[in-house]
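Enquirer:
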Amino acid sequence: MKLIYLTFQEDAELYLGVIRKIKWQVRAFQELGYDVTHTLWKDECFIFYRGAETLSMPVTKGYRRMHRFSLAVLDYLSGHRFDVAYLRLDRISFDVIRICRALKENGTRRILIEIPNYPYLGDYLRSAKGVRPLTRQAVTLLKVFCTAAADRFSGKKLRGCADAAVLVGDRSDCFFGLPAVNITNGVDVDEFSFVRHPGDSGEVVLVGVAGTLWWQAYDRVLEGMRIYRDRKKPEDPRVRFILAGGDPKEMPAFLEDVRKRGLQEDVECRGFLQGEELMRIYASADLGVSTLGCYRRGLTHCSSLKAREYCAAGLPFLYAYEDDAMEGNPPFALKLPNDPSPVDIGLAVEFALRCRSDPSISEQEREFARRNYDWKNILGRVFAFAGV
Numbered sequence: 045m046k047l048i049y050l051t052f053q054e055d056a057e058l059y060l061g062v063i064r065k066i067k068w069q070v071r072a073f074q075e076l077g078y079d080v081t082h083t084l085w086k087d088e089c090f091i092f093y094r095g096a097e098t099l100s101m102p103v104t105k106g107y108r109r110m111h112r113f114s115l116a117v118l119d120y121l122s123g124h125r126f127d128v129a130y131l132r133l134d135r136i137s138f139d140v141i142r143i144c145r146a147l148k149e150n151g152t153r154r155i156l157i158e159i160p161n162y163p164y165l166g167d168y169l170r171s172a173k174g175v176r177p178l179t180r181q182a183v184t185l186l187k188v189f190c191t192a193a194a195d196r197f198s199g200k201k202l203r204g205c206a207d208a209a210v211l212v213g214d215r216s217d218c219f220f221g222l223p224a225v226n227i228t229n230g231v232d233v234d235e236f237s238f239v240r241h242p243g244d245s246g247e248v249v250l251v252g253v254a255g256t257l258w259w260q261a262y263d264r265v266l267e268g269m270r271i272y273r274d275r276k277k278p279e280d281p282r283v284r285f286i287l288a289g290g291d292p293k294e295m296p297a298f299l300e301d302v303r304k305r306g307l308q309e310d311v312e313c314r315g316f317l318q319g320e321e322l323m324r325i326y327a328s329a330d331l332g333v334s335t336l337g338c339y340r341r342g343l344t345h346c347s348s349l350k351a352r353e354y355c356a357a358g359l360p361f362l363y364a365y366e367d368d369a370m371e372g373n374p375p376f377a378l379k380l381p382n383d384p385s386p387v388d389i390g391l392a393v394e395f396a397l398r399c400r401s402d403p404s405i406s407e408q409e410r411e412f413a414r415r416n417y418d419w420k421n422i423l424g425r426v427f428a429f430a431g432v
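Terminal number for the sequence shown in the numbering used here: 432, no gaps in between.
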């Protein structure tokens, strides 16, 4: 059985976490018995991967990149047939509808649409607010409204050419008339070394791993660190924060936030890391920091990839959202308010020291990841729902 996994994701350093997710999903599809072709784009080429084989289709630069990608897909589909199609999309467009119709005409039995951040239109509207100058903001707003309108109008046609939706984020049983299944993100646990908490060094180390910083709201951590430092007693541990990643466009503002709070000695920016380098950072840390800014996107639910990675490594973490995979109060995760308030670093320190004193907490965390975040199990349930 042949499956095509269509993503329109750029293969770039800024999106390392998303690229890992896509590769884990590809592996899970293969473990479910499928011959998988998947797609990414890089350097103005749309690339089809099938095992060790690759086919790169150049795409011209300019406006409407998604349209140019869709033409590459339609060209590829004219010579290739698939039993199942799985599309990862940020939104719906008429290009998506054309792809789905071409798949159906080619005999594809089931077409599934994954929306990795649901709901998503609010993100598009909010993305224009920070654009300057105002003339450029007006142009951006016009483009955003056109994008939103295309999503609404094209979405009405989705029911006739796709079979099911896969939603990550807020819960819904329906997406543009399609039956929807709600999932959380997964992880490949075996790709992560099990980290042991460092011994008592007189400090507590937090680590944040992110590309785009705006909705991570790490400024909440910085302000919490400033308050903690100003109130710190001599016997209280020092708190440090390590950032792995950071969009170059956002880093100047982040570094200015660090400077104006006088945290230059307590905040370290390591750039983008993966593999053994990232594992060494995890091994030096007490706590991971997951997404703290869902409120900035109008979201209450989230399925953070970085939280799954912390969990796989056995690194306790902080988070500030509802996560359907973490019901109750697991001992390895500390939930914070989903609002702009500074992180209570004193509370985080107490949590870190409690986890440090009980090594079994990290062992429970890694086992939790194995039980709940296995992509083969997650996608197996999705396929059962969709009648694949």
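Note that beta-carbon positions come from the ideal geometry of N, C-alpha and C, so glycine has one too.
1) What number of angstroms, rounded off, separates the C-alpha of Tyr130 from the C-alpha of Trp85?
2) What does the alpha-carbon distance come out to for the pair Arg112 and Thr256?
3) Just checking, does the stretch 202-213 make contact with the stretch 343-356 on the three C-beta pairs under 8 Å criterion?
4) What residue range does the alpha helix (DSSP H) around Glu158 cover?
5) Indicate the three-state DSSP secondary structure (helix, strand or coil) for Asn416 in the structure shown.
6) In angstroms, rounded to a whole number, what distance separates the CA positions of Ala116 and Arg109?
7) Can you tell me the Cβ-Cβ gap for Ala261 and Gly337, rounded? I've got them flagged as a contact below 8 Å.
8) Need the endpoints of the alpha helix (DSSP H) that Ile63 sits in, please.
9) Could you check what DSSP says for Met110 in three-state terms: helix, strand or coil?
10) Could you give the distance in angstroms between the alpha-carbon of Leu76 and the alpha-carbon of Glu321?
11) Strictly by DSSP, which residues pair up with Pro223?
12) Going by C-alpha distance, which of Gly246, Ala430, Lys304, Arg203 is nearest Val393?
13) Can you have a look at Val263 and say buried or exposed, based on whether 16 or more other CB atoms are within 10 angstroms of its CB?
14) Skipping 5 residues on each side, what residues in its chain have a beta carbon closer than 6 Å to that of Asn382?
15) State buried or exposed for Ala396, treating a residue as buried only when at least 16 other CB atoms are found within 10 Å of its CB.
16) Look at the alpha carbon of Glu371 and the alpha carbon of Thr335, and state the distance between them as a whole number of angstroms.
17) For a test of the three-state rule: what should DSSP assign to Tyr272, helix, strand or coil?
18) Ignore the nearest five residues each way along the sequence and tell me which others in Ala209's own chain have a CB closer than 6 Å to its CB.
19) Excluding sequence positions up to five away, which residues of its chain have a Cβ less than 8 Å from the Cβ of Tyr59?
20) Can you say whether Thr83 is buried or exposed, counting buried as having 16 or more other CB atoms within 10 angstroms of its CB?
21) Under 7 Å Cβ to Cβ from Ser100, same chain only, skipping five residues before and after it: list those, please.
22) Let's see if you can read the secondary structure: which residues bound the alpha helix (DSSP H) around Ala193?
23) Is it true that the CB of Tyr168 sits closer than 8 Å to the CB of Val188?
24) Pick helix, strand or coil for Ser404, following the three-state DSSP scheme.
25) Can you grab the Cα-Cα spacing for the pair Asp274 / Ile325, in whole Å?
26) For the 8 Å Cβ check, are there 3 or more pairs between the stretch 116-128 and the stretch 140-152?
27) Cys144 lies in the alpha helix (DSSP H); which residues open and close that run?
28) In terms of residues, what are the limits of the beta strand (DSSP E) holding Tyr49?
29) To the nearest angstrom, how far is it from the Cα of Gly424 to the Cα of Lys65?
30) Closest by CA to Gly268, which one among Phe429, Val333, Asp207, Ala297?
31) On the three-state DSSP scale, how would you describe Cys355?
32) If we ignore side chains and look at the alpha-carbon of each, how far apart do Ile63 and Pro278 end up?
33) Let me check understanding here. Comparing Cα to Cα, which of Glu312, Lys293, Asp232 lies closest to Asn421?
Expert: In this structure, then:
1) One-based indexing of the sequence shown puts residue 130 at position 86. One-based indexing of the sequence shown puts residue 85 at position 41. Going from the Cα of Tyr130 to the Cα of Trp85 covers about 17 Å.
2) Translated into the one-based positions of the sequence shown, residue 112 becomes position 68. Translated into the one-based positions of the sequence shown, residue 256 becomes position 212. Looking at the two C-alpha atoms, the distance is approximately 25 Å.
3) The stretch 343-356 and the stretch 202-213 touch, with three or more beta-carbon pairs separated by less than 8 Å.
4) Taking the first residue of the sequence shown as 1, we reach residue 158 at position 114. In the DSSP annotation of this structure, Glu158 is not part of any alpha helix (DSSP H); the continuous beta strand (DSSP E) holding it starts and ends at 154-162.
5) The residue you call residue 416 lines up with position 372 of the sequence shown. Per DSSP, reduced to three states, the secondary structure at Asn416 is helical.
6) Looking up residue 116 in the sequence shown gives position 72. Looking up residue 109 in the sequence shown gives position 65. Near 11 Å, if we compare the C-alpha coordinates of Arg109 and Ala116.
7) The residue labelled residue 261 in the question sits at position 217 within the sequence shown. The residue labelled residue 337 in the question sits at position 293 within the sequence shown. Sure, about 3 Å apart at Cβ, within 8 Å.
8) Taking the sequence shown and counting its residues from 1, the one referred to as residue 63 is at position 19. According to the DSSP assignment, Ile63 belongs to the alpha helix (DSSP H) that extends over 60-75.
9) As a working note, residue 110 is residue 66 in the sequence shown. Judged by DSSP in its simplified three-state form, Met110 adopts helix.
10) Counting from one through the sequence shown, the residue named residue 76 turns up at place 32. Counting from one through the sequence shown, the residue named residue 321 turns up at place 277. Straight-line Cα distance between these residues: approximately 31 Å.
11) Counting from one through the sequence shown, the residue named residue 223 turns up at place 179. Residue pairing by DSSP puts Pro223 in a beta bridge opposite Cys218.
12) The residue you call residue 393 lines up with position 349 of the sequence shown. Considering only alpha carbons, the answer is Gly246.
13) Taking the sequence shown and counting its residues from 1, one reaches residue 263 at position 219. Looking at the sequence provided, one finds Asp at residue 263 rather than Val. Around the beta carbon of Asp263, a 10 Å sphere encloses 16 or more other beta carbons of the protein chains shown; the residue is thus reported as buried.
14) Residue mapping note: residue 382 aligns to position 338 of the sequence shown, counting from 1. Counting only Cβ-Cβ distances below 6 Å, and skipping sequence neighbours, we find Cys338, Tyr339, Ala364, Tyr365.
15) Mapped onto the sequence shown, residue 396 falls at position 352. Ala396 should be labelled buried.
16) Within the sequence shown, residue 371 is the residue found at index 327, counting from 1. Within the sequence shown, residue 335 is the residue found at index 291, counting from 1. Spanning the two alpha carbons is a distance of roughly 17 Å.
17) Indexing the sequence shown from 1 puts residue 272 at position 228. In the three-state reduction of the DSSP assignment, Tyr272 falls in the helix class.
18) For the purposes of this step, residue 209 is taken as residue 165 along the sequence shown, with counting starting at 1. Correct list, in chain order: Ile157, Phe219, Leu222, Ala224.
19) Here residue 59 is taken as the residue at index 15 of the sequence shown, counted from 1. Once the five neighbours on either side are set aside, the close Cβ partners of Tyr59 are Gln53, Gly255.
20) For the purposes of this step, residue 83 is identified with residue 39 of the sequence shown, where counting begins at 1. Answer is buried; the Cβ neighbour count reaches 16.
21) Here residue 100 is taken as the residue at index 56 of the sequence shown, counted from 1. If we look at Ser100 and ignore the five residues flanking it on each side, its Cβ neighbours are Cys89, Ile91.
22) As a first step, residue 193 must be located in the sequence shown, where it is residue number 149. Run containing Ala193: 178-199, per the alpha helix (DSSP H) assignment.
23) Position 144 of the sequence shown holds residue 188. Position 124 of the sequence shown holds residue 168. Taking 8 Å as the Cβ cut-off, Val188 and Tyr168 qualify as a contacting pair.
24) Taking the first residue of the sequence shown as 1, we reach residue 404 at position 360. Three-state result, Ser404: helix.
25) Your numbering for residue 274 matches position 230 in the sequence shown. Your numbering for residue 325 matches position 281 in the sequence shown. About 27 Å.
26) Yes, since at least three Cβ pairs between the stretch 116-128 and the stretch 140-152 fall closer than 8 Å, the two stretches touch.
27) The sequence position of residue 144 within the sequence shown is 100, counting from 1. Per DSSP, the continuous alpha helix (DSSP H) segment holding Cys144 begins and ends at 138-149.
28) Position 5 of the sequence shown, counting from 1, holds the residue named residue 49. Counting along the chain, the beta strand (DSSP E) containing Tyr49 begins and ends at 46-51.
29) Position 380 of the sequence shown, counted from the first residue, corresponds to residue 424. Position 21 of the sequence shown, counted from the first residue, corresponds to residue 65. So the alpha carbons of these two residues sit roughly 16 Å apart.
30) Within the sequence shown, residue 268 is the residue found at index 224, counting from 1. Looking at the Cα atoms, Val333 is the closest of the given residues.
31) For this step, residue 355 is matched to residue 311 along the sequence shown. Secondary structure at Cys355: helix, using DSSP grouped into helix, strand and coil.
32) As a first step, residue 63 is located in the sequence shown; it is residue number 19 there, counting from the start. As a first step, residue 278 is located in the sequence shown; it is residue number 234 there, counting from the start. Our two residues, Ile63 and Pro278, have alpha carbons roughly 44 Å apart in a direct line.
33) Residue numbering aside, residue 421 sits at position 377 when the sequence shown is read from its first letter. For the set Glu312, Lys293, Asp232, the Cα lying nearest the Cα of Asn421 is the one of Asp232.
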